[in-house]
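Peer 1: At position 166 of the sequence shown the residue is numbered 171 (my numbering), and the sequence of numbers has no breaks. Where is the CB? At the ideal position from N, CA and C, for every residue including glycine.
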Amino acid sequence: MILLRRLADTNKINLRQFKAVITNSDIHTNSVLQKTNKEDFLKVDIQGNELRFPNVWLRDNCRCEQCFHLSAKSRILELNKFNVNVKVKDVIREETSIQVIWDDEHLSRYSLNWLKLRSFTPQEQLKYTNELYRPVKTPWHGNDFHKVCTRHDYKEILDSDAALYRWLLDLSTYGVALVQNAPQSEAALDKIVERIGFTKRTHYGVKFVVENVANTSNVAYLSSNLQMHVDLPYYEYCPGVNMLHCLVQTLGEGGENLLSDGHFAASYMKEHHPAEYKLLIDTEVEWSDVGVEHGNEFFKLYRSPVISLDRHGQIKRINFSVPQRGSHFPCPIEIVKPWYEAHNLFYELNKKFAAKFKTKVGDILVFDNIRLLHGRNAYEDKSDNVRKLIGAYLDWDEIYSRFRCLKAKLYPIEGI
Ligand SMILES: [Zn+2]
């Protein structure tokens, strides 16, 4: 603890923030940290702020042609010649950059903007994370759905990078964004997917049709109530985003979409029902899908808690699906009943916080499949009251990649 405080002091950062980045490997990390000393850092004054950069990191990120391939934008220095104890011999300050002469006479130049964007201060690191790595997610209650679910025009997304950027930003922030005025064609989804990258293919196909099917392989293809769930939790690489293009909508009662922000429900649960929340973040469940589709047999299994957290304690992924939760439960027997109570509470909260609405013909409902739960109210399947959706999945990797390309082009960040 004393060591932590001393390190936090010397680094002039908040102790709480510092502890947050120290993980379970504390003991190992601390013994490694003890080895670093003042000479291992270079101080650079950038716009009145004294920023510190580790020598080893600077040397590793030299942008000269021997160390960095410009067109591949990749490091090419040879690790077997790399000295982690490299020392600075001299620094020459220029107007917008610095030149560093290393103890082996190698010369590196760094632009001040480039350095500033890579600052090691927690504030600057957080700013970069939120601006370029991944936008901050804003949790919402279903009552605010009309405000958070922004509308975007199909043709504008095809024609304008700015419109595409706004749509992807809203989708990543709120986990939902509606595309309107799509042509009434089964191929309409393809064009919009091409603006991002490519679809995520699953055993249900590149695209899938949601309509009432007798003897179905999936409960989504029925007209009865479809309980709120996420799609395909039995995939380790679970599709990140679900796109549902409404081609035919029921005229009568029923068939409404239900959407709930699993992050909102989880935060509520963490605050008001911490013991139940803990059961859902700690207990692994076996998600499963076994069957045959288009002649292909599948036997998918994946183990993960209902609420998966990352190493910072932030929600990484929500898994929830009553039909696709397997009967094998790889947990101690005493956990089972309390887990069911917690699981049911999570479902009740999602129902309570859900938005209810009905998409129109030409709408493409796009939502975060590892964050939101979705479902549908029952409808009466008659010849004059049918419903048909075309669906496709996308990976968040592709969406974030397109988002960053657009951001760099439309709103350049200095030093990127
Ligand atoms: Zn170099």
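Per DSSP, what kind of secondary structure is Cys251 in: helix, strand or coil?
Peer 2: Along the sequence shown, read from residue 1 onward, the residue named residue 251 stands at position 246. Strand.
Peer 1: Taking 7 Å as the limit between beta carbons, can you name the residues of its chain near Pro140, skipping five residues before and five after?
Peer 2: Within the sequence shown, numbered from 1, the residue matching residue 140 stands at position 135. Leu174, Ser177 and Thr178.
Peer 1: Are there 16 or more other CB atoms within 10 angstroms of the CB of Phe304, so buried, or fewer, so exposed?
Peer 2: Along the sequence shown, one-based indexing puts residue 304 at 299. Answer is exposed; the Cβ neighbour count stays below 16.
Peer 1: Going by beta-carbon coordinates alone, are Asp266 and Arg156 separated by less than 9 Å?
Peer 2: Here residue 266 refers to the residue found at position 261 of the sequence shown. Here residue 156 refers to the residue found at position 151 of the sequence shown. Not closer than 9 Å, so no.
Peer 1: In this structure, how does DSSP classify Ser30 when only helix, strand and coil are distinguished?
Peer 2: Along the sequence shown, one-based indexing puts residue 30 at 25. Because the pLDDT of Ser30 is 43, which lies under 50, any placement of that residue in the model is unreliable, and the question is left without a value.
Peer 1: Tell me the DSSP secondary structure of Leu231 in three-state form.
Peer 2: For the purposes of this step, residue 231 is identified with residue 226 of the sequence shown, where counting begins at 1. Reduced to three states, the DSSP call for Leu231 is strand.
Peer 1: Going by DSSP, what residue range makes up the beta strand (DSSP E) through His157?
Peer 2: Translated into the one-based positions of the sequence shown, residue 157 becomes position 152. Note, His157: beta strand (DSSP E), Arg156 to Asp158.
Peer 1: Excluding five sequence neighbours on each side, which residues of the same chain lie with their C-beta closer than 6 Å to the C-beta of Phe46?
Peer 2: Along the sequence shown, read from residue 1 onward, the residue named residue 46 stands at position 41. Contacts found: Arg57 and Pro59.
Peer 1: Rank Lys48, Arg123 and Ala271 by C-alpha distance to the C-alpha of Val105 and give the top, closest one.
Peer 2: For this step, residue 105 is matched to residue 100 along the sequence shown. Residue Lys48 is the option with its Cα nearest to Val105.
Peer 1: Quick check for students: name the residue ranges of the alpha helix (DSSP H) that lie wholly in the segment 327 to 389, counting only runs of 4 or more.
Peer 2: Runs of the alpha helix (DSSP H) inside the segment 327 to 389: 341 to 358.
Peer 1: So is the beta-carbon of His111 under 8 Å away from any non-hydrogen atom of ligand 1?
Peer 2: Walking along the sequence shown from the start, residue 111 turns up at place 106. Yes, since a heavy atom of ligand 1 falls inside the 8 Å radius drawn around the Cβ of His111.
Peer 1: Expressed to the nearest angstrom, what Euclidean distance is found between the alpha-carbon atoms of Asn54 and Trp62?
Peer 2: Taking the first residue of the sequence shown as 1, we reach residue 54 at position 49. Taking the first residue of the sequence shown as 1, we reach residue 62 at position 57. If I take the Cα positions, the gap works out to 19 Å.
Peer 1: Comparing C-alpha positions only, which one of Gly300, Leu285, Arg123 and Leu354 sits nearest to Trp145?
Peer 2: Here residue 145 refers to the residue found at position 140 when the sequence shown is read from its first residue. The shortest Cα separation from Trp145 among Gly300, Leu285, Arg123 and Leu354 belongs to Leu354.
Peer 1: Pick helix, strand or coil for Trp107, following the three-state DSSP scheme.
Peer 2: By 1-based counting over the sequence shown, the position of residue 107 is 102. Strand, per DSSP.
Peer 1: Per DSSP, what kind of secondary structure is Leu288 in: helix, strand or coil?
Peer 2: In the sequence shown, residue 288 corresponds to position 283, counting from 1. The question names Leu, but residue 288 is Thr in the sequence shown. Here Thr288 sits in coil by DSSP.
Peer 1: Quick one: residues in its chain with C-beta nearer than 8 Å to the C-beta of Ile120, no 5 flanking neighbours on either side, listed in chain order?
Peer 2: Start at 1 with the first residue of the sequence shown, and residue 120 comes out as number 115. The sequence as given places Leu at residue 120; Ile does not occur at that position. Contacts found: Val49, Ile51, Leu56, Phe58, Ile103 and Gly420.
Peer 1: In whole angstroms, what separates the C-alpha of Gly257 from that of Met233?
Peer 2: Residue 257 sits at position 252 when you count from the first residue of the sequence shown. Residue 233 sits at position 228 when you count from the first residue of the sequence shown. Roughly 21 Å between the two C-alpha positions.
Peer 1: Assuming the contact rule is C-beta atoms closer than 8 Å, Phe203 and Glu403 should be a hit. Round their C-beta distance to whole Å, please.
Peer 2: Translated into positions along the sequence shown, residue 203 becomes position 198. Translated into positions along the sequence shown, residue 403 becomes position 398. Indeed, because the Cβ distance is near 7 Å, the residues count as touching under 8 Å.
Peer 1: What residues match up with Glu302 in a beta bridge as DSSP calls it?
Peer 2: Mapped onto the sequence shown, residue 302 falls at position 297. DSSP, once it has assigned bridges, lists Val297 as partnering Glu302.
Peer 1: Considering only heavy atoms of ligand 3, does any lie closer than 8 Å to the CB of Cys243?
Peer 2: Looking at this structure, you won't find ligand 3 anywhere; what it does contain is ligand 1.
Peer 1: Between Ser326 and Ser79, what straight-line distance do the alpha-carbon atoms span, to the nearest angstrom?
Peer 2: What you label residue 326 is simply residue 321 of the sequence shown in a count that begins at 1. What you label residue 79 is simply residue 74 of the sequence shown in a count that begins at 1. Each residue's alpha carbon lies about 42 Å from the other.
Peer 1: Spatial neighbours of Ile338 within its chain, please: CB distance less than 8 Å, with the 5 preceding and 5 following residues excluded, ordered by chain position.
Peer 2: As a position in the sequence shown, residue 338 is number 333, starting the count at 1. So the list is empty, once near-sequence residues are dropped.
Peer 1: Give the secondary structure of Tyr416 by DSSP, where H, G and I count as helix, E and B as strand, and everything else as coil.
Peer 2: Indexing the sequence shown from 1 puts residue 416 at position 411. Of the three classes helix, strand and coil, the one that applies to Tyr416 here is coil, per DSSP.
Peer 1: If we call anything under 9 Å between Cβ atoms a contact, is Phe408 one with Tyr239?
Peer 2: The sequence position of residue 408 within the sequence shown is 403, counting from 1. The sequence position of residue 239 within the sequence shown is 234, counting from 1. No, the pair does not count as a contact, with Cβ atoms beyond the cut-off.
Peer 1: Among Arg381, Arg392, Tyr133 and Gly367, which one has its Cα closest to the Cα of Ser190?
Peer 2: Mapped onto the sequence shown, residue 190 falls at position 185. For Ser190, the nearest C-alpha among the options comes from Gly367.
Peer 1: Hey, quick one: how far does the beta strand (DSSP E) through Asp266 stretch, first residue to last?
Peer 2: Numbered from 1 along the sequence shown, position 261 holds the residue referred to as residue 266. Segment Asn262 to Asp266, the beta strand (DSSP E) holding Asp266.
Peer 1: Would a C-beta distance cut-off of 9 Å place Phe150 and Leu264 closer than the cut-off?
Peer 2: As a position in the sequence shown, residue 150 is number 145, starting the count at 1. As a position in the sequence shown, residue 264 is number 259, starting the count at 1. Their beta carbons are under 9 Å apart, which means Phe150 touches Leu264 by this criterion.
Peer 1: Taking Glu298 as the reference, give the member of Lys142, Ile323, Val211 and Ser309 with the closest Cα.
Peer 2: By one-based count along the sequence shown, residue 298 stands at place 293. The residue with the shortest Cα to Cα distance from Glu298 is Val211.
Peer 1: Could you please give the first and the last residue of the uninterrupted beta strand (DSSP E) stretch that includes Ala182?
Peer 2: By 1-based counting over the sequence shown, the position of residue 182 is 177. From DSSP, the beta strand (DSSP E) with Ala182 extends over Val181 to Gln185.
Peer 1: Tell me the DSSP bridge mates of Asp50?
Peer 2: In the sequence shown, counting from the first residue as 1, residue 50 sits at position 45. For Asp50, which the question treats as bridged, DSSP gives the partners Glu55.
Peer 1: Could you give the first and the last residue of the continuous beta strand (DSSP E) run that contains Leu112?
Peer 2: For the purposes of this step, residue 112 is taken as the residue at position 107 of the sequence shown. First-last of the beta strand (DSSP E) with Leu112: Leu112 to Ser116.
Peer 1: For Lys94 and Asp195, what's the separation of their Cα atoms in angstroms?
Peer 2: The count along the sequence shown starts at 1 and reaches residue 94 at position 89. The count along the sequence shown starts at 1 and reaches residue 195 at position 190. Using only the alpha carbons, I get a separation of about 57 Å.
Peer 1: Assuming Val235 contacts Asn324 under a Cβ cut-off of 8 Å, what Cβ separation, rounded to an integer in Å, is found between them?
Peer 2: Translated into the one-based positions of the sequence shown, residue 235 becomes position 230. Translated into the one-based positions of the sequence shown, residue 324 becomes position 319. Confirmed, about 6 Å.
Peer 1: Taking the straight line between their C-alpha atoms, what separation do you get for Glu302 and Gly296?
Peer 2: As a first step, residue 302 must be located in the sequence shown, where it is residue number 297. As a first step, residue 296 must be located in the sequence shown, where it is residue number 291. Taking the straight line from one Cα to the other gives about 6 Å.
Peer 1: Quick one: grab the DSSP three-state call for Ser309.
Peer 2: Locating residue 309 in the sequence shown gives position 304, where the first residue counts as 1. Strand at Ser309.
Peer 1: So what does Phe73 bridge to, in DSSP terms?
Peer 2: Taking the first residue of the sequence shown as position 1, residue 73 is located at position 68. Answer is Arg80.
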